[in-house]
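Enquirer: One structure coming up, written as structure tokens, with questions to follow.
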Amino acid sequence: MTNASQAPITVTRHEIPVLDSTMSYVEAGTQGPTVLLLHGNPTSSHIWRNIIPQIAPVARCIAPDLIGYGQSGKPDIAYRFADQVRYLDAFIAALGLDRLVILAQDWGTALAFHHASCRPQSMLGLAFMEFIRPFADWESFHQRPQARELFKAFRTPGQGEKLILEDNIFIERILPGSVLRQLAPEEMEAYRRPFPTPASRRPILSLPRELPIAGEPADVHAISTADHAALRASTYPKLLFSGDPGALISPQQAREFAAGLTNCRLVELGGGAHYLQEDHPIAIGDAVRDWLIAIGIAQAPDIRGRQAAAC
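Going by our numbering, the sequence shown opens with residue 266, and the numbers climb by one from there.
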């Protein structure tokens, strides 16, 4: 569909108390279904900035900064997957969110799958890309052998601390290296800003060590296995995006995965690695908007906007 107008979309930022800390989020749109946008590591709600304006004309968009990320608080916790679940659950409860569409990438998908597994009655739909799943072995974890070796180092005591806490390699190398275009200086600064010190980068270090690879960590592996079983059994609408060559999933793997789900549409975006939102924001936003209309939970507006107000 082609937008009929360039009318601006107002995006506002808010902060609410959550458990022993605070969580920050951006919001846009007031009508239609609620779309919860969940980012991954080491990004923030900033990664959705060019996608929200495409969706907000037909839906209420809420994009939180996960605990420890973006402008959310950094409490003294381990930042394990279970901690992220705990804080996100409390965030959803604090906002009184019930029936949801979730749009997610990277660790945001693990949170989305878990929410859907625990509360299937709340799911209006799920759109996802570059997703976390139980990886049988290291060879199935990533498309690039070099990335596998780097993540093995992240999970090695001492090496991970040096690479992520001290050298800030996830922000300075992995993030820009997983986007096909060159991120502008102001875009990189937005991603650097939440992590100015080694101590502030502890959340970034924790999540690579939580990846369920070859059965470890055992608790995360068990949760992810159960969540994916629930995903395969679910019937709510799904929308899967893939990039070429991708990072966590190749185009062929995405086709096979989509074929194994009920009520799942696959959108092949073309060239892309891990952070598909940075290479294909308009295509993702347009596809989600049109999908929401097609599955009958949003109405096509007379006027749609693309430009977001600063937040």
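Don't be surprised by glycine CBs; every beta carbon is placed ideally from N, CA and C.
Would D551 be called buried (16 or more neighbouring beta carbons within 10 Å of its own) or exposed?
Expert: Buried: at least 16 other Cβ atoms inside 10 Å.
Enquirer: Please identify the residue among P298, H279 and S286 whose C-alpha is closest to the C-alpha of L557.
Expert: The shortest C-alpha separation from L557 is found at P298.
Enquirer: Which residue comes first and which comes last in the beta strand (DSSP E) that contains P510?
Expert: That run of the beta strand (DSSP E) goes K503 to P510.
Enquirer: Please classify I397: does DSSP put it in a helix, a strand, or coil?
Expert: Reduced to three states, the DSSP call for I397 is coil.
Enquirer: Using the Cα positions of I562 and L391, report the straight-line distance between them to the nearest angstrom.
Expert: Each residue's Cα considered, the two are about 13 Å apart.
Enquirer: Using only the alpha-carbon positions, how far apart do P282 and L362 sit?
Expert: Their backbone Cα atoms lie some 15 Å apart in a straight line.
Enquirer: Label P468 either buried or exposed according to how many other C-beta atoms from any shown protein chain fall within 10 Å of its C-beta, with 16 as the threshold for buried.
Expert: By the neighbour-count rule (16 or more Cβ atoms within 10 Å), P468 is buried.
Enquirer: Should C383 be labelled buried (16 or more other beta-carbon atoms within 10 Å of its own) or exposed?
Expert: That one is exposed.
Enquirer: Have a look at S443, Q542, F406 and G508 and flag the residue whose alpha-carbon is nearest the alpha-carbon of L476.
Expert: For the residues S443, Q542, F406 and G508, the minimum Cα distance to L476 belongs to F406.
Enquirer: Quick test of your reading: T277 and E292, contact by CB under 8 Å. State the CB separation rounded to the nearest angstrom.
Expert: That pair is a contact at about 6 Å.
Enquirer: Counting only runs that start and end within the region 311–350, where is the alpha helix (DSSP H) found for 4 or more residues in a row?
Expert: Segments of the alpha helix (DSSP H) lying fully in the region 311–350: 317–320.
Enquirer: Hey, how far is the Cα of D230 from the Cα of P340?
Expert: Limits of the chain in this structure are 266 at one end and 576 at the other, which puts residue 230 out of reach.
Enquirer: Apply the 10 Å Cβ neighbour rule to P461 and answer buried if 16 or more other Cβ atoms are within range, or exposed otherwise.
Expert: It counts as exposed.
Enquirer: From what residue to what residue does the beta strand (DSSP E) around A565 run?
Expert: Premise fails: A565 is in no beta strand (DSSP E) and is neither H nor E.
Enquirer: Can you tell me whether E543 is buried or exposed, with buried defined as 16 or more other CB within 10 angstroms of its CB?
Expert: By the neighbour-count rule (16 or more Cβ atoms within 10 Å), E543 is buried.
Enquirer: Quick check on H407: does DSSP put it in helix, strand or coil?
Expert: Three-state DSSP puts H407 in coil, outside helix and strand.
Enquirer: Pull up the distance between the alpha-carbon of H539 and that of V532, whole angstroms please.
Expert: If I take the Cα positions, the gap works out to 15 Å.
Enquirer: Thinking C-alpha only, which one of G333, Q386 and S507 is nearest L472?
Expert: Looking at the Cα atoms, G333 is the closest of the given residues.
Enquirer: Kindly indicate if chain C contains any beta-carbon less than 8 Å away from that of A538.
Expert: Going by chain labels, chain C is absent from the structure shown, which holds only one protein chain.
Enquirer: Leaving out five residues before and five after R530 in sequence, what residues of the same chain have Cβ atoms less than 6 Å from its Cβ?
Expert: Excluding positions up to five away in sequence, the list reads L504.
Enquirer: On the criterion of 16 or more Cβ atoms from any shown chain inside 10 Å, does Q370 qualify as buried, or is it exposed?
Expert: Q370 should be labelled buried.
Enquirer: Within a Cβ cutoff of 8 Å, which residues of the same chain sit near P441, ignoring the five residues on either side of it in sequence?
Expert: If we look at P441 and ignore the five residues flanking it on each side, its Cβ neighbours are Q447, L448 and M453.
Enquirer: Tell me the DSSP secondary structure of D285 in three-state form.
Expert: Coil.
Enquirer: Can you name the start and end residues of the alpha helix (DSSP H) that E454 belongs to?
Expert: Its alpha helix (DSSP H) spans residues P450 to R457.
Enquirer: Check this for me: beta carbons of P459 and E431, under 8 Å apart or not?
Expert: No, they are not a contact pair.
Enquirer: Could you check what DSSP says for A374 in three-state terms: helix, strand or coil?
Expert: Reading off the sequence, residue 374 comes out as Thr, not Ala. Reduced to three states, the DSSP call for T374 is helix.
Enquirer: Give every residue of the same chain whose Cβ lies closer than 6 Å to the Cβ of V366, excluding the five residues on either side of it in the sequence, and list them in chain order.
Expert: Here the set comprises P298, V300, L389 and G390.
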